[in-house]
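In what follows, a single structure is set out as structure tokens and then discussed.
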Amino acid sequence: MFRWLTLIALFCISANTAALDQSDVGNYAVVHRDGHVTEFNFFVSLSGEQWNIEQRQPDGTWTNVTCTENCVLQKSNEQDIARFLPQDTREKINLSCVHNTAFAFCSISPREAPENKAHLLIALVQSPPIPLKLKKLTAEWKDRQGRAVPNTDAQKSANGFGGMLLITSDADWEKKWNTQPENTPHFTQAKNIGMGKKIFALTFFSNPLLNDKGEADVTCDIELFKPDGTTAMHQADAPCFKGKLKSNPHYLYLSAPVVAFVGETGDPLGEWRMSIALKDNLRKVTVPLKASFVLQ
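When we follow the numbering used here, the leftmost residue of the sequence shown carries the number 1, and every step to the right adds one.
In structure tokens:
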């Protein structure tokens, strides 16, 4: 039941926060004692007054580790907290936790700087308990429950900037796209196409950094490769979006270049690959995206 906590011996302590509240909901990763962020990810949620934690599995699914009677998280009182960390450590920090028999999830902050909030996962199956430093993740792509979606070749986020590349056979893609910004349309993904069939490569972005005028600056490097690896198309620094967004930066936005492709006589059969380097120039972040289709 608590097997996932056996890797605690690899990690080490951190410090920082105050009372747990809605701001502590989100996606977290354990930080190794050498400083790198591990793939040990979990999602913390709050339903009413009940805290829940789900762990992401290697296949991308999520498992609730707080769903059975012995696993339910309860608010930690002073007596509970006294056994989580040594007294000399507790004297220097504000600490608020929820716990079960296996672990505690805590927000901490230095008493002299309570605004500097951070988080710990404390393994209680060891004696003494072992605190693990956590990093709150800023993945832009999330599912409907708010859980971070793992990066794929065609959909990634970096430092809060999200990008997605979709190759669709929908001739009415523009009509589908022109909906209210809070609504996400559904497109048909093109994987195998025949000669004469037209497809479209759509590039989306979310949460670009804005300047003091509320403007974004996003450009793209676009490449299309034939089945033999030679370049069929190359365009550097194509303007994807520049100016003010129409609504919430976290909504999904379509970049300006829409690449259309139709297989013609003489085009080689096989897998064609598209590569888009989506660049948030204000944030100085590049999100590399890849997608492919088979011409048959």
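In this text, a Cβ means the ideal position worked out from N, Cα and C, and glycines have one as well.
By the neighbour-count criterion, in which 16 or more other beta carbons inside 10 Å mark a residue as buried, Asp170 falls on the buried side. Residue pairing by DSSP places Trp272 opposite Phe293 in a beta bridge.
Taking Thr265 as reference, the option from Leu295, Leu124, Asn52, Thr203 with the minimal CA-CA separation is Leu295. For Gln57, the three-state secondary structure derived from DSSP is coil.
A distance below 6 Å between beta-carbons, with the five flanking residues on each side excluded, links Ser45 to the following residues of its chain, in chain order: Val25, Asn52. Among the bridge pairs identified by DSSP, Tyr253 is matched with Phe205. In this structure, Asn207 sits near Gly162, with a CB-CB distance shorter than 8 Å. Between the C-alpha atoms of Lys176 and Asp228 there is a straight-line separation of about 34 Å. Considering only Arg144, Asp80, Pro129, the residue with the shortest C-alpha distance to Cys97 is Asp80. Here Lys133 is buried. Its C-beta has 16 or more other C-beta atoms within 10 Å. Between the segment 279–286 and the segment 215–235 there are three or more inter-stretch CB-CB distances shorter than 8 Å, so the stretches are counted as touching.
In chain order, Thr219 place their CB closer than 6 Å to the CB of Asp237, counting only its own chain and leaving out the 5 sequence neighbours on each side. The beta carbons of Leu85 and Pro131 sit about 7 Å from each other, so the pair counts as a contact at 8 Å.
In the three-state scheme derived from DSSP, where H, G and I count as helix and E and B as strand, Thr265 is classed as coil.
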